Each structure stands twice: as structure tokens, then as C-alpha cells.
Amino acid sequence: MKAKMELMVGHGKREDGMSLIELMIAMVVLAVGLGALTVLFISSASADNRNSRDTSATLLSQLVLEQISAQHPNSTASIILTDCAGNQWDIATAGAAAPSGVGATLVTDPASQYYGGIDPTQAYAAVPPATAAVPGYAMQYVDCNTGGRQAVFDVRWNIINVSPYARMITVSSRQLSPSSQLGNRTFALPVTLRGIGGM
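Counting from 78, one number per residue, gives the positions in the sequence shown under our numbering.
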């Protein structure tokens with residue numbers, strides 16, 4: 078019995094504490110977990126920034142849509158918008174016959190993700206851009222952010238006369254990237270709003 082007791086006591090002493098190998102395995106697991114969390118934090122910060130730009134683009138599209146909708150459908154008068162940088166944009170409100178309307182090109186390919194909306198690949202100069210003197214259907218609106226930072230948004234619209242008393246207005250906005258390219262890791266699709274303006 079005494080020998081059996083000594084055997085059990087000796088066996089228990091060999092399992093006390095952690096070995097160096099167990100400690101190293103635990104550190105590797107911890108390092109992998111923290112690395113994964115770092116990637117998660119970076120991805121969520123990028124998505125938050127993208128969503129912020131997406132919200133600004135939505136509000137800017139809504140501003141243009143409401144300003145054009147407030148005009149009489151037969152009016153050709155333009156509207157002046159002033160951005161944060163002091164640029165004045167002469168917004169054209171005249172429409173044209175369906176299906177093309179006037180202004181930015183509408184996407185007619187049903188297989189496109191932009192189907193029914195404004196074509197974001199169309200060159201800015203090809204849209205008839207607005208200036209302070211000439212009414213147009215596109216602008217590069219400067220929006221002020223906190224800390225003196227500015228963001229430039231490419232805003233385009235198309236107006237289709239549906240009847241003598243109504244018109245369909247399609248407005249699309251997206252923030253311009255430094256290279257004015259579509260798509261990257263934090264790319265947000267252009268925001269497109271449509272509305273019917275009329276009497």
C-alpha cells in the first residue's frame with residue numbers, strides 16, 4: 078500500500094505547472110487571434126469611412142433631385158448651387174423626350190449593375206458639366222468635413238419628359254477617389270435616386 082501511495086504521489090508531481098512548449102503554443106494562439114482582430118478593426122474602420130461617404134452622396138443626390146423637382150416641368154430656368162469651396166454650379170432643369178432624356182447617359186443594359194441608373198464610366202466632360210455661367214447636367218461638388226478636410230463628389234443627372242406635365246429625374250452621386258477611378262477595397266457604388274417632378 079505504501080509503495081502504491083508513493084507511486085501516485087510521484088506521478089502527480091510530474092504534471093504540476095506548465096512546460097515551455099505549452100507556453101509557446103499558447104503564445105502562438107494568442108498572436109494569431111490578435112492578428113485576426115487587427116484585420117477586423119482595419120476592415121471595420123474602412124467600411125465605416127465608406128458608409129460615411131455613401132451617406133453624404135445620398136444627401137447630395139437628394140438635394141439636386143429636390144431642387145429640380147421644385148421647378149415647373151416646362152421651365153428651362155436653371156438653379157444656382159454653391160458648394161463649400163465657393164464654387165457656383167448652374168444646374169440645368171430642362172428635360173428631353175424619352176427614352177434618353179437629356180444629361181448624363183442612362184445605362185440600358187439589363188445585365189449591368191447600374192441598369193436604369195446613370196453611367197458612372199461616362200467621362201465627366203461628356204456629360205455637359207455645369208459651370209458658373211453655363212447650365213449643365215454634372216458637377217464636382219466640394220463638401221466640407223471636420224478638421225478642414227474636403228471631399229469632392231461627382232454628381233450627374235438626367236431628365237426625361239414623361240408628359241407635358243411630368244418628368245422623371247435621375248440623380249447619381251459618388252465621391253471621387255484621388256485617381257477618379259471606380260472601385261477599390263473601400264469602393265461604394267454610386268448612389269442613384271429617381272423621382273417624378275410635375276404639376
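From the three backbone atoms N, C-alpha and C, an ideal C-beta is built for every residue, glycine too. A quick note: this is a predicted structure, and the numbers were derived from the prediction, not measured.
Residue i classed as buried or exposed, judged by whether at least 16 other C-beta atoms fall within 10 angstroms
{"i": "R226", "result": "exposed"}
{"i": "M216", "result": "buried"}
{"i": "Y214", "result": "buried"}
{"i": "A181", "result": "buried"}
{"i": "L183", "result": "buried"}
{"i": "G112", "result": "exposed"}
{"i": "P187", "result": "exposed"}
{"i": "G194", "result": "buried"}
{"i": "V204", "result": "buried"}
{"i": "V268", "result": "buried"}
{"i": "S257", "result": "Note that S257 has pLDDT 49, beneath the 50 cutoff, so the model's placement of it is unreliable and the number below is only indicative. When all chains shown are included, S257 counts as exposed."}
{"i": "G178", "result": "buried"}
{"i": "P150", "result": "buried"}
CB of residue i within 8 Å of CB of residue j, strictly
{"i": "L270", "j": "V248", "result": "yes"}
{"i": "A207", "j": "A169", "result": "yes"}
{"i": "W234", "j": "I156", "result": "no"}
{"i": "K219", "j": "C161", "result": "The identity of residue 219 in the sequence shown is Val, whereas the question assumes Lys. For V219 and C161, yes; Cβs fall inside 8 Å."}
{"i": "V232", "j": "L137", "result": "yes"}
{"i": "L253", "j": "V229", "result": "yes"}
When the options are compared against residue i, the one with the closest alpha-carbon
{"i": "I273", "options": "I246, D231, P267 and A209", "result": "I246"}
{"i": "A171", "options": "A147, I236 and T223", "result": "I236"}
{"i": "L141", "options": "V204, D167 and G193", "result": "The residue asked about is misnamed: residue 141 is Val in this sequence, not Leu. Checked all of V204, D167 and G193; the closest Cα to V141 is D167."}
{"i": "Y191", "options": "A124, R244 and R251", "result": "R251"}
{"i": "Q174", "options": "L266, Y242 and I98", "result": "Sequence check: residue 174 is Ala here, not Gln. The shortest C-alpha separation from A174 is found at Y242."}
{"i": "G163", "options": "A124, P150, M95 and A209", "result": "A209"}
{"i": "R244", "options": "L97, S189, G275 and T115", "result": "G275"}
{"i": "V211", "options": "V109, V116 and T153", "result": "T153"}
{"i": "C221", "options": "A202, A108 and T159", "result": "T159"}
Identified DSSP bridge partners for residue i
{"i": "F230", "result": "Y218 and Q252"}
{"i": "V179", "result": "I236"}
{"i": "M95", "result": "According to DSSP, M95 bridges with nothing at all."}
{"i": "V268", "result": "S250"}
{"i": "Q165", "result": "T159"}
{"i": "M245", "result": "I237 and I273"}
{"i": "A174", "result": "N238"}
{"i": "I195", "result": "L183"}
Closer than 7 Å: residue i CB and nearest the ligand MN heavy atom
{"i": "S240", "result": "For the ligand MN, the structure offers nothing, since it holds no ligand at all."}
Say whether the stretch 193 to 205 touches the stretch 94 to 102, bearing in mind that this needs 3 or more beta-carbon pairs closer than 8 Å, one atom from each stretch. No, they do not touch.
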